[in-house]
Every structure is written in structure tokens, then in C-alpha cells.
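Protein chains: 2
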Amino acid sequence: MSDAPMTTVPVDEQVPPVFVLVRPQMGENIGGAARAMLNFGLERLRVVDPRDGWPSPKAVAMASGAGRLLETAGPYGDVQAAIGDCDYVFATTARGRELTKPVMTPEAAMARARGMIAAGKKVGFMFGPERAGLENEDLVHANAIVTVPVNPDFPSLNLAQCVLLLGYEWRRQAGEVAPEEMVFNRTDFASRVEVEKLGDHFEEKLTAAGFFHPAEKVPGMKLSIRNMWARLGLTKSEVATFHGMLRQIARHLGGPDRG
Amino acid sequence: MSDAPMTTVPVDEQVPPVFVLVRPQMGENIGGAARAMLNFGLERLRVVDPRDGWPSPKAVAMASGAGRLLETAGPYGDVQAAIGDCDYVFATTARGRELTKPVMTPEAAMARARGMIAAGKKVGFMFGPERAGLENEDLVHANAIVTVPVNPDFPSLNLAQCVLLLGYEWRRQAGEVAPEEMVFNRTDFASRVEVEKLGDHFEEKLTAAGFFHPAEKVPGMKLSIRNMWARLGLTKSEVATFHGMLRQIARHLGGPDRG
Numbered sequence: 000m001s002d003a004p005m006t007t008v009p010v011d012e013q014v015p016p017v018f019v020l021v022r023p024q025m026g027e028n029i030g031g032a033a034r035a036m037l038n039f040g041l042e043r044l045r046v047v048d049p050r051d052g053w054p055s056p057k058a059v060a061m062a063s064g065a066g067r068l069l070e071t072a073g074p075y076g077d078v079q080a081a082i083g084d085c086d087y088v089f090a091t092t093a094r095g096r097e098l099t100k101p102v103m104t105p106e107a108a109m110a111r112a113r114g115m116i117a118a119g120k121k122v123g124f125m126f127g128p129e130r131a132g133l134e135n136e137d138l139v140h141a142n143a144i145v146t147v148p149v150n151p152d153f154p155s156l157n158l159a160q161c162v163l164l165l166g167y168e169w170r171r172q173a174g175e176v177a178p179e180e181m182v183f184n185r186t187d188f189a190s191r192v193e194v195e196k197l198g199d200h201f202e203e204k205l206t207a208a209g210f211f212h213p214a215e216k217v218p219g220m221k222l223s224i225r226n227m228w229a230r231l232g233l234t235k236s237e238v239a240t241f242h243g244m245l246r247q248i249a250r251h252l253g254g255p256d257r258g
Numbered sequence: 000m001s002d003a004p005m006t007t008v009p010v011d012e013q014v015p016p017v018f019v020l021v022r023p024q025m026g027e028n029i030g031g032a033a034r035a036m037l038n039f040g041l042e043r044l045r046v047v048d049p050r051d052g053w054p055s056p057k058a059v060a061m062a063s064g065a066g067r068l069l070e071t072a073g074p075y076g077d078v079q080a081a082i083g084d085c086d087y088v089f090a091t092t093a094r095g096r097e098l099t100k101p102v103m104t105p106e107a108a109m110a111r112a113r114g115m116i117a118a119g120k121k122v123g124f125m126f127g128p129e130r131a132g133l134e135n136e137d138l139v140h141a142n143a144i145v146t147v148p149v150n151p152d153f154p155s156l157n158l159a160q161c162v163l164l165l166g167y168e169w170r171r172q173a174g175e176v177a178p179e180e181m182v183f184n185r186t187d188f189a190s191r192v193e194v195e196k197l198g199d200h201f202e203e204k205l206t207a208a209g210f211f212h213p214a215e216k217v218p219g220m221k222l223s224i225r226n227m228w229a230r231l232g233l234t235k236s237e238v239a240t241f242h243g244m245l246r247q248i249a250r251h252l253g254g255p256d257r258g
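Protein chains in written order, with numbering that gives the first Met the number 0: chain D, 0 to 258; chain F, 0 to 258.
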């Protein structure tokens, strides 16, 4: 524990991570990476020495709505230039076992990145060229390796997919979206009183219909049905529908309808 | 709390989730979805009423190493047939606000799916056709909606990307990979004794070189340097390299080398 409080930079002054594509080969993949970033609200893209030159018409075409990310992406002549302003750099690679370095999951890496960014640091993620991936000469510039935990028997992930997963992990940890939210279509949960009254209505009609027997099992049967109504999480409109169904059936069968 | 313990099915008897592609349009996307599933160790794919018929040569070509997933994918004539054996069904859609239903993040959905699967239940995830997504007629069959928390200003995610993210989330929660692992290239962390001796060596040479002044600051300087050695997490080979560098510099400068 430190005596000084941890520096926390206000959210609107925090600098989101920069994603650096190192020697990307196909313009389509650069454009796909830009789209994948913007899907998760990331906009800081940098490109190092793209094989087919820059600007890349194929990247622009593929990026479509995310084209503005390409306009500020460089290109940069080498990795050092592209990550020069970063305080902490991750390198995404499935290999990276030839250098002494921590290897992290996307989850752990983004947790660290978020912590650093909250403390005012600038964080970069490097992504390698499509075929070969990052070279050891690139990896030495990174503080840590990020490896997506793919199926070892089938580890195919392309450049844009890797960017997509890291972008997802960034946004997932933002926790801006409630894990579960009940959506109502012009209704709301029924109140407990409404649920009780529905239970009463069913019990009354079922009693009249001779549903509850044998006598020794009736208390348990009633309890089970009451429990079901409570558990179901019915809406007001569904409760109304059940009342209506029950009344109509009773009417149709000619019984006395007092519901 | 229940009196009975929660049923937990042994891991090797648990049935992983089935991913159901509903009326997919392009074979390439079916193949891409199969690859994305296998990337994260999921193999149970089902296809409902694919637009361009079945088997799909384009799906097979795109699936490449994941082709065996297509062989057991159906096709199924309708959604009900494809999810008929499932105990709990999620529908992935960005919309789904027209029906009263819980809307969950992939994280929350996979947590629920894992819990159900551990209890011996069968779980399905439905994915809609490329352009229109799932219809309300499909969504009514689902217990809950899953929505990927994309940037609302740029929510473009294709079918295979959506499958990829759900597959990633499934595997992430398996927790089979250590969040962070230190990888060593033919070395190991230096022991604390080795780090202490390196600190001694530096202090000795720096003292001989007249580095430590003014006197009142010396204790603080020494403390800072000791702290640095401890914090760096040096390996045995790095410690040896530092000793060697220091000896060579001392030798080159003509000083007495006792290291």
C-alpha cells in the first residue's frame, strides 16, 4: 500500500489505447481492423510500413464508416516511431515464447491497460502482419505479450478478428452496459398484489372445477402453483391475459364466472 | 436457498452450447462462423433453412479446417426443430426491444449458460440472417436476448464476428488459461540473494567512482537503487549480464576490478 493516493485522471482526460498495425499486408485487413476498433469505440489507429503503400484504397473501401481512423493512422516508418509516446506497450502474438516476457490474456491485459490509463499513462497494442506475425525485433519493444486463448488445435485468427476481440475486451471492462436488463414492451412487472390476485382467481376456478384432489395433497399443490406464479415474473399485461383466458374458459364451459 | 445441493454434472458429461444459424444467406459466413466456433473449442453448429441450399460449397471452402462442424449442422427446417432439445435458448440480436424479455451482455449470458450446463441443461444460441437479423417470430422462442455492447454510433458486426465474440466469451469464462504467466527463455527469475549481490556490486563500484554524494542524500539514493533492483524482476541471465557489464566498464576505465 502506498501512502499517496493513486492518481486517477478524469475519464474525459484519459487517453484510450492506440492500436498499432505493424507491416500489415492487405488493405482489406487494415480497413477491417478500423471497423472492428470503431465497433467498440476505439479510434486511435496507427499503421507501420504497410506493404502496399499508403493511403490504401482497399483499406478505405473496407473501412467504410470507419474511414476517419485511417486519416490519422500515419503511416509510421518503424515500430519505435509508432509507439514512441506510449508508456506501456502490449504485443499481440500467439508465439512470443522466445523472449523472457509476461504473457497475458486479453482480459488481464485490458485490466492492466485500464489501470494505467486511469493513472494518466498512454498504452499501445501492437498487431503483427497477417502471415508471419510480429518478429522478435518488434516484441522486444513491448512490456508484455497478449495471447488470445484460442483452441490450440485450431488457432486461426486473422488480423481484424484479433483487433475485434481486443476491442471487445476493452469495452466489456468499461462496464457501461448493465449485464442484464429487463425490457418491457408497453408494460411492466405485475405487482405482488396483482400476482396474488391471479393466484386467487386460478385457485377459485380450479376448486370449482374439482382440480384439487386428493385432499392430503391439496396444500402442496396450492403451494406449488403459488410458487410458479411468483417465479414466472409475469408482466401486468400477461396477468391480464391470464385473467381473461380463465374467465373465457369458465364462460365457455357454462360455469358461474365471478372473476 | 434449496435444501438439495445444486446438481453439478461432471465436466466431461456437460453438453457445450449449440450455435444455431437461422436462415443464413451467404455460405462464406456459415463457413466463417464454423471457423470462429472452432477457434474457441465449440463444435455444435446447426443451420436452419440456409438461403442457398445445403450442402454449401462456399461454406465448406471457407470453413477449411472446421469443415466437420458443417457435416453435423443439419440443415433444420425451422427454428423450433433446431432448438427443440434445448432447455434454455438465447437469441443474439441488436434489436429485440419489441418483446418483453431480458436483454443480457455476452458476459452475463455465458455466465448463465455455464451455470445451466454445469447443472446438466442444454443451451442454445440463435444467430439471425446477415441483413435483417432474427425476426420477432424467432425471438419468441428464446428465453433471453444477447446483445453485444457495441458503439451505438457504429454497431456494424457481421454474422461470423458475432459468433466469434460469443465463442470468445464462452472460452474466456472457462478460465483455463492463467491471466498472466511469465515466460522464460532458458532462464528463471534471479533469487533475492542474487539480486542483493548485484545491488552490492553496483554500490561498491559506484562508491569507488564517487557517484554517491552529497552525503545527506546518500541513504535515499541507495534505497532508491535497491528498490529498483527488487522491482525490476530480473532473471538470472540478466543479473549475470549486469555483473559482466559492470566488470567490463570498471576494467576499461582502469579501476581496480574486484567484482
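Think of the CB as a built atom: it goes at the ideal place given N, C-alpha and C, for glycine as much as any other residue. Note that the structure is predicted; figures quoted are calculated from it, not measured.
At a C-beta separation below 7 Å, A65 of chain F has these neighbours in chain D: F153. Within 8 Å of the CB of L222 of chain D, no CB atom of chain F is found; the nearest one sits about 15 Å away. In the three-state DSSP reduction, M25 of chain F falls in the coil class, being neither helix nor strand. Residue contact check for M103 of chain F against chain D: a CB pair falls below 8 Å. Taken in chain order, the complete beta strand (DSSP E) segments of 3 residues or longer contained in the stretch 81-160 of chain F are 87-91, 100-103, 122-126, 143-145.
Taking 8 Å as the cut-off between beta carbons, the residues of the stretch 178-207 of chain D near chain F are P178, E179, E180, M181, V182, F183, N184, T186, in sequence order. Taking a cut-off of 8 Å on C-beta distances, the stretch 176-185 of chain D touches the stretch 89-102 of chain F, as three or more cross pairs fall below it. Of the residues D:K204, D:P151, D:P49, the one whose Cα lies closest to the Cα of G127 of chain D is D:P49. The alpha-carbon separation between Q160 of chain D and K235 of chain D amounts to approximately 44 Å.
Nearest C-alpha to T186 of chain D among D:V147, D:R34, D:L233, D:A110: D:L233. With a beta-carbon spacing of about 6 Å, V78 of chain F and V47 of chain F fall inside the 8 Å limit used to define contacts. The three-state secondary structure of V14 of chain D, taken from DSSP, is coil. Collapsing the DSSP output to three states places R250 of chain F in a helix. Sorting F:I29, F:G114, F:R94, F:A60 by C-alpha distance to the C-alpha of V14 of chain F places F:G114 at the top.
Between E42 of chain D and A60 of chain F, the alpha-carbon positions lie close to 34 Å from each other. Of the residues assessed, T92 of chain D falls on the buried side of the cut-off, its CB having 16 or more other CB atoms within 10 angstroms. The residue among F:F18, F:E12, F:S55, F:G40 with its C-alpha nearest the C-alpha of G30 of chain F is F:S55. Nearest to D51 of chain D by alpha-carbon distance, out of D:G64, D:N28, D:P154, is D:N28.
Under the DSSP definition of a beta bridge, E179 of chain F partners with D:M103.
In the structure shown, F210 of chain D adopts coil according to DSSP, grouped into three states. Counting the other Cβ atoms within 10 Å of the Cβ of K204 of chain D gives 16 or more, which makes it buried. Counting of Cβ neighbours within 10 angstroms places M125 of chain D among the buried residues, the total reaching 16 or more.
Less than 8 Å divides the Cβ of V194 of chain D from the Cβ of V238 of chain D. Flagged as an interface residue toward chain D: E97 of chain F, by a C-beta distance shorter than 8 Å. A107 of chain F belongs to the set of residues whose beta carbon lies under 8 Å from a beta carbon in chain D.
For V217 of chain F, the enclosing alpha helix (DSSP H) covers residues 217-231. Residues of the stretch 38-65 of chain D that bring their beta carbon within less than 9 Å of a beta carbon in chain F comprise N38, F39, G40, L41, S63, G64, A65, in sequence order. Close to Q160 of chain F, with beta-carbon spacing below 9 Å, are these residues of chain D in chain order: A35, N38, A159, Q160, L163. Of D:P154, D:A189, D:G64, the smallest CA-CA separation from F39 of chain F is found for D:P154. Interface annotation, K235 of chain D: not in contact with chain F, CB-CB separation never under 8 Å. Between A58 of chain D and G83 of chain D, the C-beta gap is not smaller than 8 Å, which leaves the two residues out of contact. Separation of L37 of chain D and L231 of chain F (C-alpha to C-alpha, rounded to the nearest whole angstrom) is 36 Å. For L69 of chain D, the enclosing alpha helix (DSSP H) starts and ends at 67-70.
Here F188 of chain F carries a strand assignment [DSSP, helix/strand/coil].
For L69 of chain F, there are no C-beta contacts with chain D under 7 Å, since the nearest C-beta of that chain is about 14 Å from it. By the criterion of a C-beta distance shorter than 7 Å, P74 of chain F is surrounded in its chain by V46, V47, D48, P49, W53, once the five residues flanking it on both sides are discounted.
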